[in-house]
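Here this note's numbering is used: position 60 in the sequence shown is 904, and no number is missing along the way.
Think of the CB as a built atom: it goes at the ideal place given N, C-alpha and C, for glycine as much as any other residue.
Right, one structure below, let's go through it.
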Amino acid sequence: MSDAEREALMLRAAELYYYERLTQAAIADRLMCSRWTVGRLLEEARDCGMITISIVHPHARDRSLENRLRDAFGIPDAIVVTCTEEARTARRVVASATSDYLTGLRPRPATLGVSWGRTVAAVAQAMPDRWTSGLEVYQAFGGLIRSDDDDDVVGRSISLIARKGQGVGRLLPAPAFVRDVELAQRLRQEPSIARILRDAADADTILYSPGAIRDDSILVRSGYLKKGVMERLRAKGAVADFFSHFVDSRGVPVIPEVEDRVISIGLEALAGPGRRIMAGYGLDKVLPMRVALAAGFATAVVTDSCTASAILAH
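Printed below as a string of structure tokens:
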């Protein structure tokens, strides 16, 4: 049999199997060959690219991109879901995948340090009730000063995660930023605040979403920072925000006097030995997520295929 004849036979077997939905036995009768030969023809058709299989579902995962992220950054886990153009849908799909990953961890998390933000709030909403018991959830940096309706969900996300984990939420009774360094030092030394920051940093699992340096950041909307400060941060080379630490492309804080006013766990917690789950999506998160991966700030990343491709291409 010539190559052209075998290719034509592969095509006919593929058409009968996938278009007409015949069994391999029926195809063998039609083509006057054995079932083994039909199976071999279909396998060759897949191997040469004549047959391609796509899974179209919001929760479908791109295993190729997952493998490339793991290989590129040396992380144990990567979850890449199907890209979608609508922002709220993307947030919901990434949040659902993050929830599935987090609640599927073994051993189950006993202590969880979390950032607050819209992505983490969506993860909290996606979590199933009673997925574990006795979970202790720690707020890893200071809270909101004021909020709109959307951000109010953000502020409640820690309590929601704790309730769904049949545990308790440890809220940090302090703002994310204060007006001067001396006040920040005193607050960080306050026993109730110091204890929560220490326990959040030492949690067996940390969940967060990196922030982009944007004028509509939740830190600006909440009143912590003025737009002028964001401009200054960008001028100094800031490309990402991790727990209110503004860092450059190497993961190094850019303005010491801003850094010293932060009430938050330190960046060293993100480079620690525990499980550190980073979730995010969208082009504005590409550079922050790449910085986190390159700096070793995550053991697992959850994102969509568009963001993953851009991270790898950056």
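| Asked | Found |
| --- | --- |
| Residue 1126 versus residue 1154: straight-line alpha-carbon distance, rounded | 9 Å |
| Those runs of the alpha helix (DSSP H) which lie wholly inside the segment 1042 to 1090 and span at least 4 residues | 1062 to 1065, 1071 to 1079 |
| Identified DSSP bridge partners for residue 1144 | 921, 1121 |
| Option in 1057, 1109, 1005, 924 with minimal Cα separation from residue 1020 | 1109 |
| Inter-residue Cα distance where the pair is residue 846 and residue 853 | 11 Å |
| Rounded Cβ spacing between residue 858 and residue 882 (contact assumed at less than 8 Å) | Actually they do not touch by this definition, with Cβ atoms about 10 Å apart. |
| Inter-residue CB distance, residue 1104 and residue 1028 (contact presumed, cutoff 8 Å) | 6 Å |
| Span separating the alpha-carbon of residue 965 from that of residue 1123 | 11 Å |
| Inter-residue spacing [alpha-carbon to alpha-carbon] between residue 1057 and residue 1142 | 20 Å |
| Residue 861 burial status per 10 Å Cβ neighbour count (16 or more: buried) | buried |
| Beta-carbon gap between residue 941 and residue 919 smaller than 8 Å | no |
| Contact set for residue 954: own chain, Cβ-Cβ below 8 Å, skip 5 residues either direction | 978, 979, 980, 1048 |
| N-terminal and C-terminal residue of the alpha helix (DSSP H) that residue 1026 is part of | 1025 to 1033 |
| Endpoints, the alpha helix (DSSP H) within which residue 969 is located | 962 to 970 |
| Option in 873, 869, 1000 with minimal Cα separation from residue 958 | 1000 |
| Beta-carbon gap between residue 1037 and residue 1031 smaller than 8 Å | yes |
| Status (buried if at least 16 other CB within 10 Å, exposed otherwise) for residue 993 | Residue confidence is low: residue 993 scores 49 on pLDDT, short of 50, so the model does not pin down where it sits. Its coordinate-derived value is still stated next. Burial call: exposed. |
| Stretch-stretch touch, CB-based, cutoff 8 Å, three pairs: the segment 862 to 878 with the segment 1113 to 1121 | no |
| For residue 886, the first and last residue of its enclosing alpha helix (DSSP H) | 879 to 891 |
| Sequence-distant residues of the same chain with beta carbon closer than 8 Å to residue 1071, five excluded per side | 1059, 1064 |
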